[in-house]
Amino acid sequence: MRKKKRIVSIVGARPQFIKASVLSRSLKKAGMTEIMIHTGQHYDPVMSDIFFNDLHIAKPAYHLGIGSASHGLQTGRMLMEIEKILQKEKPDCAVVFGDTNSTLAGALAAAKLHIPLAHVEAGLRSYNQSMPEEINRLLSDHLSAILFCPTAAAVENLRREGLANPAGSAGRAAPRGRKSLPLICHSGDLMYDLAMEVRASIDHDAVLARFSLPAKAFILATIHRAENTDDAENLENIFLALADLAKSGIPVFFPIHPRTRKSLRALPGRGDPLPPLFVIHDPVSYPEMIALENAARVIITDSGGVQKEGYFFKTPCLIPRQESEWTELIASGWNTLCRPRRKDIFKQALALCRFPGRRRWRNFFGGGAAAETMAGILKNY
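Listed below in structure tokens is the structure:
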């Protein structure tokens, strides 16, 4: 009798909880056993527990409680603890998601123990190695046995790095040509699958009424990347630009990341009253965030996940960064890069609000069956 396959899923941050929730259902449906490790990278209840509750994710088998620390210390602690669990559980495969320190620690632990590694959201590149996320995703891809790519552009990035099997065609899962090459699959995007499902199930009017926001007439803002939160000048510019937009008559709703709130408190003059139309709110639930992204006129975000979700719902995004890993969304004209400067953000956001324009929308992210595709490959690998 064939034994039940054992899969260890390693998560630690909001976007990973979202992706894991979809994959977990398909792993169970395919008859596999999943052991989930939560590193505790996002340890605040509003960034962790709320997502497990909202998305009906089973309680992790292991919660490491690592918490916040420098990149090296945090990754090292995770690596040490994940290695112990992998040695104990002896899984057939380990799965990591995205580009956080949890991703890298899981990838390193599995690779060193010669456990086959699958990377969900493989192949993304910003080509800026000063970003810790770029290092994490690059190393995780090159350690993996299975690479699940959300888009054709991600498959092409891996091909350029020499990871693609020459015998396989881009965008399709091909047999491995050599043992040294990973299996690359253009799987589609787990976040797209879930976002479409959740959008169809929520009461959008109730969410907007709760936050007193007018449909398609407000700006949604999220800022959390270290390049903005750890740079006082960047953060102040973004904050002042959001305040300027509110003063111009456009409501601005800013569900704030705990780290961003802490950095914001350190800015000079932060105690000044906010403009009436500028609302800073605690993080919201995943279904509420989906409703807000769907109803916003424009999104201002440095989040890879939020800019992607905005695209799902045809909401233009302004990105206060020098580059984006979702290059196809920039090329499509739906998402726009912007220097994190007060005048630039204000001017470009105002233009998007007043003249959103018509853009061609293409579905880069699959047909809603990414989880089933991934589960099938993991079962038969």
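When the letters of the sequence shown are read in order and numbered with this note's numbering, they come out as residues 24 to 404. Ideal Cβ placement from N, Cα and C applies to all residues, glycine included.
| Asked | Found |
| --- | --- |
| Taking the alpha-carbon positions, what's the K52 to E348 distance? | 32 Å |
| In whole angstroms, what separates the C-alpha of V230 from that of L236? | 9 Å |
| From what residue to what residue does the beta strand (DSSP E) around I169 run? | 169 to 172 |
| If I measure Cβ to Cβ from G35 and keep anything under 7 Å in the same chain, skipping five residues before and after, which residues do I get? | H61, T62, G63, Q64, H65, T123, S125 |
| Buried or exposed: where does Y309 fall if 16 or more other Cβ atoms within 10 Å of its Cβ makes it buried? | buried |
| Kindly indicate which three-state DSSP category P13 falls into: helix, strand or coil? | Outside the displayed span of the chain (24 to 404) sits residue 13, for which this structure offers no information. |
| Report back the beta-carbon spacing between R385 and G356 to the nearest angstrom; my notes put them in contact at under 8 Å. | 11 Å between Cβ atoms; not a contact. |
| Could you tell me whether the Cβ atoms of S163 and H137 are closer together than 7 Å? | no |
| For D216, which residues from the same chain have a beta carbon less than 8 Å from its beta carbon, with the 5 sequence-adjacent residues on both sides left out? | V45, G389, G391, A392, A393, A394 |
| Looking only at its chain, what residues have a beta carbon closer than 7 Å to the beta carbon of S149, apart from the 5 residues adjacent to it on each side? | E157, E346, S347, E348 |
| Given F387, which residues of its chain have a CB within under 6 Å of its CB, disregarding the five upstream and five downstream residues? | T174, E351 |
| So which of I242, A255, L315 has the shortest CA-CA distance to A374? | I242 |
| Would F335 pass as a contact of A218 if the rule is Cβ separation under 7 Å? | yes |
| Skipping 5 residues on each side, what residues in its chain have a beta carbon closer than 6 Å to that of D267? | F369 |
| Can the beta-carbon of A18 be found closer than 7 Å to that of A133? | Residue numbering for the chain in the displayed model covers 24 to 404; residue 18 lies beyond these limits and cannot be assessed. |
| Give the list of continuous beta strand (DSSP E) stretches no shorter than 3 residues that lie fully inside the region 118 to 166. | 140 to 143 |
| Thinking C-alpha only, which one of T359, R364, L140 is nearest C376? | T359 |
| Give every residue of the same chain whose Cβ lies closer than 8 Å to the Cβ of P299, excluding the five residues on either side of it in the sequence, and list them in chain order. | A269 |
| E311: which of S32, V221, Q39, N159 sits nearest, CA to CA? | V221 |
| Just tell me which of L265, P278, D226 has its CA closest to the CA of H247. | P278 |
| Taking the beta carbon of Q110 as the centre, do at least 16 other beta carbons fall within 10 Å, making it buried, or is it exposed? | exposed |
| May I have the straight-line CA-CA distance separating P306 from I400, to the nearest angstrom? | 35 Å |
| Using a Cβ-Cβ cutoff of less than 7 Å, which residues in the same chain neighbour I89 once the five nearest sequence positions on both sides are dropped? | T62, G63, Q64, Q97, R100, M101 |
| Unbroken alpha helix (DSSP H) runs of length 4 or more, entirely within the region 278 to 334: which are they? | 281 to 288, 309 to 318 |
| Cα separation between N403 and P291? | 57 Å |
| Can you check whether the CB of T338 is closer than 7 Å to the CB of A319? | yes |
| Any idea which residues DSSP pairs V31 with across the strands? | I58, A117 |
| With DSSP run on the structure shown, which of helix, strand or coil describes H209? | strand |
| Return the residue from the list P114, A145, K27, A255 that minimises the CA-CA distance to F171. | A145 |
| Just checking my contact of L50 with A398 at CB under 8 Å: how many whole Å lie between their CB atoms? | 5 Å |
| Whole angstroms is fine: what's the gap from L206's alpha carbon to M103's? | 27 Å |
| Please report the straight-line C-alpha distance between K107 and K366, rounded to a whole angstrom. | 50 Å |
| How far does the beta strand (DSSP E) with A244 in it extend, from its first residue to its last? | 242 to 245 |
| Jot down the residue ranges of each uninterrupted alpha helix (DSSP H) in the region 356 to 386, minimum 4 residues, whole runs only, in chain order. | 365 to 377 |
| If you draw a straight line from the alpha carbon of P83 to that of A130, how long is it in whole angstroms? | 18 Å |
| To the nearest angstrom, report how far apart C361 and G327 are at their CA atoms. | 14 Å |
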